[in-house]
Amino acid sequence: MNIKDIIGKMTLEEKASLCSGGDAWHTQTISRMHIPALRVSDGPHGLRVQMEGADNLGMQESKTAVCFPAICALAASFDRSVLQSVGDAIGKECRAEGVDIILGPGVNIKRSPLCGRNFEYYSEDPYVSSELAAAYIDGVQKNNVGACIKHFFANNQETRRFSVSAQMDERTAREIYLASFEGAVKKARPWSVMCAYNRINGIYAAENKQYLTDLLRNEWDFEGFVVSDWGAVNDRVPDLEAGLDLEMPPLGDKNDRCIVNAVESGMLEEAVLDRAVGRLLNVVYRCGENRNDLSGFDHEKDHRIAKAVALESVVLLKNENVLPLKKMEKIVVVGEFARNPRYQGGGSSHVNAYRVDAFLECINNGMSTDKGFTFVQGFSIQNDRIDSGLVEEAVSAVQNADKVLVFAGLPERCESEGYDRNHLGLPANQNDLITRLAAVNQNIIVVLHNGAPVEMPWIDSVKAVLETYLCGEAVGAAVRDILYGLANPSGRLPETFPVRLQDTPSYLELFGEGDSLHYREGVFVGYRYYDSREMQVLFPFGHGLSYTEFAYSNLRLERQAGNDCLRVWVDVTNTGQRAGKEVVQLYVRPPKSHMVARPIHELRGFVKELLYPGETKTVEFVLDSRAFAYFNSEIHDWLVESGEYEIQIAKSSQNIVLREKVQIVGRKCNVITLDLNTPLGDILCIEGSVEILKKYGISIEREECRIDNENEKQIQEAHYQYMPLRGRAMQLSDMKAERMLTELRQLL
18 MNIKDIIGKM
28 TLEEKASLCS
38 GGDAWHTQTI
48 SRMHIPALRV
58 SDGPHGLRVQ
68 MEGADNLGMQ
78 ESKTAVCFPA
88 ICALAASFDR
98 SVLQSVGDAI
108 GKECRAEGVD
118 IILGPGVNIK
128 RSPLCGRNFE
138 YYSEDPYVSS
148 ELAAAYIDGV
158 QKNNVGACIK
168 HFFANNQETR
178 RFSVSAQMDE
188 RTAREIYLAS
198 FEGAVKKARP
208 WSVMCAYNRI
218 NGIYAAENKQ
228 YLTDLLRNEW
238 DFEGFVVSDW
248 GAVNDRVPDL
258 EAGLDLEMPP
268 LGDKNDRCIV
278 NAVESGMLEE
288 AVLDRAVGRL
298 LNVVYRCGEN
308 RNDLSGFDHE
318 KDHRIAKAVA
328 LESVVLLKNE
338 NVLPLKKMEK
348 IVVVGEFARN
358 PRYQGGGSSH
368 VNAYRVDAFL
378 ECINNGMSTD
388 KGFTFVQGFS
398 IQNDRIDSGL
408 VEEAVSAVQN
418 ADKVLVFAGL
428 PERCESEGYD
438 RNHLGLPANQ
448 NDLITRLAAV
458 NQNIIVVLHN
468 GAPVEMPWID
478 SVKAVLETYL
488 CGEAVGAAVR
498 DILYGLANPS
508 GRLPETFPVR
518 LQDTPSYLEL
528 FGEGDSLHYR
538 EGVFVGYRYY
548 DSREMQVLFP
558 FGHGLSYTEF
568 AYSNLRLERQ
578 AGNDCLRVWV
588 DVTNTGQRAG
598 KEVVQLYVRP
608 PKSHMVARPI
618 HELRGFVKEL
628 LYPGETKTVE
638 FVLDSRAFAY
648 FNSEIHDWLV
658 ESGEYEIQIA
668 KSSQNIVLRE
678 KVQIVGRKCN
688 VITLDLNTPL
698 GDILCIEGSV
708 EILKKYGISI
718 EREECRIDNE
728 NEKQIQEAHY
738 QYMPLRGRAM
748 QLSDMKAERM
758 LTELRQLL
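Residues 18 to 765 in this note's numbering are what the sequence shown spells out, letter by letter.
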């Protein structure tokens with residue numbers, strides 16, 4: 018198929034029409050040229066195929082599909098193979114339904130736990146996000162279905178999402194918010210990228226050439242097409258010039274005429290339009306050549322996959338020897354979520370689920386117990402009001418129970434696309450009930466259904482907490498298996514659970530002032546902030562318990578000759594009595610930088626391994642130079658500083674079990690302005706500077722402190738470090754001073 022020849026035969030009007038949708042879920046068909054339409058569908062944790070004539074927002078009923086765990090839960094698996102299996106299953110469903118592009122995954126960073134759409138995003142950490150997104154995309158696209166990674170970029174809140182400007186410096190963008198996309202784009206090569214609604218430093222994402230073209234295409238080598246989020250186009254012609262190829266949904270032929278007029282008037286080069294058309298046609302014909310499987314798919318098989326990945330994703334947050342449950346125990350189950358679970362998020366990712374497994378149904382039908390179960394409602398999920406009748410009924414029921422399961426969480430009214438939460442609490446009636454029950458029974462087990470962190474004022478009064486996130490349509494069966502030890506929990510938190518909202522790094526500027534949102538916390542997002550400040554958190558990033566125990570040993574490092582990388586090995590042993598999976602986490606702690614503030618450590622690797630009792634496995638990591646680098650805004654590039662780095666093997670970001678130091682040699686780079694006003698301490702950090710200073714008679718010796726006072730010594734040291742060079746070079750002539758500076762600059 019010669020795309021260039023096809024474009025050459027198209028009229029200007031046909032080209033323009035191809036750059037906007039045919040309707041809300043299809044691209045334009047051009048019958049004269051035999052150009053078929055692409056069909057797109059919402060995702061990414063289940064296929065949301067809209068019925069014919071559906072509304073643009075996709076809020077009407079969709080076809081039945083399997084609802085897999087939401088991305089927030091899948092991320093907790095910390096398992097690339099899990100994400101690939103879900104992507105593969107969804108890709109097969111897409112093929113069967115004639116869908117060419119699935120609109121996902123969403124990889125925006127969880128800047129604040131209040132974001133209403135956090136259930137649709139992976140993590141507060143860009144490495145976790147990009148690695149898992151790449152695996153998901155691989156799974157989808159091996160079925161000849163395209164994935165559309167979104168929302169590019171800085172779409173970190175729902176408040177004023179159509180107009181807010183994310184104000185951030187280049188380093189913050191590169192290290193956190195762009196890095197979440199970068200790895201997935203480079204590794205998995207998604208067929209499409211969806212731009213965000215918001216502005217970035219004042220420029221709408223849809224017309225931001227710096228990111229859509231200069232970075233995404235020219236630097237990252239993205240070859241697919243860029244599509245707008247639905248209704249994100251502000252000005253079609255500048256958008257097209259910036260690199261936005263496809264507008265969705267169409268605005269009649271209004272913007273098509275704008276494009277045609279711009280070309281005819283000379284305001285827009287036709288080559289720009291041809292380029293966008295070529296990108297679209299490449300995908301159109303790629304899909305057409307492979308649209309060969311419309312035979313259907315097996316709902317039951319995919320439902321079993323949904324349960325299997327849910328089992329990998331549930332996180333055991335706390336367990337004081339009350340789990341797993343035993344069949345002979347008298348159990349009281351409290352909470353509406355036990356019979357009507359919240360298993361998915363609200364908004365455009367809402368799936369018309371094939372079959373939902375509720376916990377009570379799974380217990381009654383699939384588990385024989387000696388004493389049976391008692392169920393009481395306890396609270397209403399329709400409002401936050403405390404119903405004294407429901408509370409008293411629950412308190413009475415649990416007093417003589419061996420164990421109490423409280424199914425709590427956030428109803429859909431509390432978190433959804435379109436709006437943000439205004440607090441981190443559970444509904445008041447749930448917090449009150451858990452506190453009341455804990456006062457009369459010491460064996461309270463809380464099972465949470467929520468898309469993002471919640472505060473837990475009752476945490477010290479309960480014996481166990483099981484975080485299911487939004488675990489898909491098979492959540493009830495998965496929770497049953499984990500509570501009764503038929504499966505061993507192995508999920509880990511892909512985000513920090515703070516003690517309270519006021520502790521979060523973005524608290525002082527949650528949603529901005531009007532349309533301006535300043536990312537003043539910079540790179541200190543999530544655990545980078547909490548751990549650098551040595552703050553107490555409710556549960557740290559990477560945390561998760563098991564029914565077995567794991568021991569780590571024999572950490573060793575090796576530089577690869579001729580390669581710019583470091584290999585790391587560590588042995589992991591299952592020292593318990595059950596088979597289980599452990600998530601081995603590797604963090605890198607940098608030396609103290611003289612140039613920038615860096616987080617105390619950053620995640621640079623993770624591996625999930627299955628180990629049987631007594632079994633030992635060696636886990637290997639390979640770290641390239643990027644694992645030690647930060648983005649330097651002066652040179653607009655990644656920079657590795659020379660120094661002593663620490664390799665940390667951990668069970669969570671706040672549970673480091675092994676450490677080993679390694680000397681890394683970085684590259685010299687002129688990242689300081691070197692003149693007579695440069696502080697002496699900065700100059701002395703430059704290798705070879707001492708010899709040059711001595712050559713010109715510059716004294717670098719500290720004056721003897723005649724006062725035997727520690728505070729005075731600190732003052733003197735600070736004076737020495739921060740004194741400008743001119744303070745020591747006053748005796749030099751202007752000519753000698755300039756020669757000295759020239760020689761110093763040559764060291765950089």
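Glycine included, every Cβ here is placed at the ideal spot set by N, Cα and C. Being a predicted model, the structure only gives us computed values, none of them experimental.
- With contacts defined by Cβ atoms closer than 7 Å, residue 588 and residue 570 form a contacting pair.
- Sequence-distant partners of residue 50 (beyond 5 residues in either direction) whose C-beta falls short of 8 Å from its own C-beta, in its chain, are 23, 26, 27 and 31.
- Residue 625 is classed as buried because its beta carbon has at least 16 other beta carbons within 10 Å across all chains shown.
- In the three-state scheme derived from DSSP, where H, G and I count as helix and E and B as strand, residue 144 is classed as helix.
- Taking C-beta separations shorter than 8 Å and ignoring five residues to either side along the sequence, the partners of residue 455 in its chain run 461, 475, 478 and 479, following chain order.
- The residues 748 and 749, in chain order, have a CB closer than 8 Å to that of residue 714 in the same chain once the five nearest residues on each side in sequence are set aside.
- Boundaries for residue 504: no beta strand (DSSP E) harbours it, and the DSSP string shows neither H nor E there.
- Cα atoms of residue 247 and residue 616: separation of roughly 36 Å, rounded to the nearest angstrom.
- About 7 Å separates the beta carbon of residue 58 from that of residue 120, a gap short enough to meet the 8 Å contact definition.
- DSSP places residue 582 inside the beta strand (DSSP E), whose first and last residues are 582–591.
- Beyond the five residues adjoining it in sequence on each side, residue 591 comes within less than 7 Å, by CB distance, of 565, 567, 597, 628, 629, 630, 631 and 632 in the same chain, given in chain order.
- With contacts defined by Cβ atoms closer than 7 Å, residue 745 and residue 706 do not form a contacting pair.
- Going by beta carbons, residue 645 and residue 657 fall inside the 7 Å limit.
- Listed in chain order, the beta strand (DSSP E) runs fully inside the region 237–299 are 242–244, counting runs of at least 3 residues.
- No Cβ-Cβ contact shorter than 7 Å links residue 84 with residue 416.
- In the DSSP assignment, residue 547 falls within the alpha helix (DSSP H) that extends over 544–549.
- With contacts defined as CB atoms closer than 7 Å, residue 640 and residue 695 fail to qualify as a contacting pair.
- From the listed residues 133, 97, 649 and 292, the smallest Cα separation to residue 201 is found for 97.
- When the five nearest sequence neighbours on each side are left out, the beta carbons in the same chain lying within less than 6 Å of the beta carbon of residue 116 are those of 56 and 58, in order along the chain.
- From the listed residues 411, 438 and 378, the smallest Cα separation to residue 450 is found for 411.
- In terms of Cβ geometry, residue 606 and residue 663 form a close pair [threshold 7 Å].
- Contact between residue 371 and residue 316 holds, since their C-beta atoms are separated by about 5 Å, short of 8 Å.
- By the CB criterion at 7 Å, residue 683 and residue 650 fall outside the cutoff.
- Straight across, the Cα-Cα distance linking residue 88 with residue 497 is about 21 Å.
- According to the DSSP secondary-structure assignment, residue 211 is paired through a beta bridge with 244.
- Remark: C-beta atoms of residue 205 and residue 169 do not approach each other more closely than 7 Å.
- With at least 16 other beta carbons inside 10 angstroms of its own, residue 500 counts as buried.
- By the 16-neighbour rule on beta-carbons within 10 angstroms, residue 765 is exposed.
- Within the model, the alpha-carbon separation for residue 223 versus residue 355 is close to 43 Å.
- Comparing C-alpha distances from residue 38 to each of 670, 244 and 330 shows the shortest one belongs to 244.
- Spatial neighbours of residue 445 in its own chain (CB-CB distance under 7 Å, excluding positions within 5 residues in sequence) are listed in chain order as 401 and 403.
- Fewer than three Cβ pairs drawn from the region 272–289 and the region 226–243 lie within less than 8 Å of each other, which leaves the two stretches out of contact.
- Residue burial annotation: residue 669 is buried, with at least 16 other C-beta atoms found within 10 angstroms of its C-beta.
- Residue 125 sits close to residue 172, with the two beta carbons spaced by under 7 Å.
- DSSP lists 648 as the bridge partner or partners of residue 655.
- For residue 169, there is no enclosing alpha helix (DSSP H); the residue is found in the beta strand (DSSP E) stretching over 163–169.
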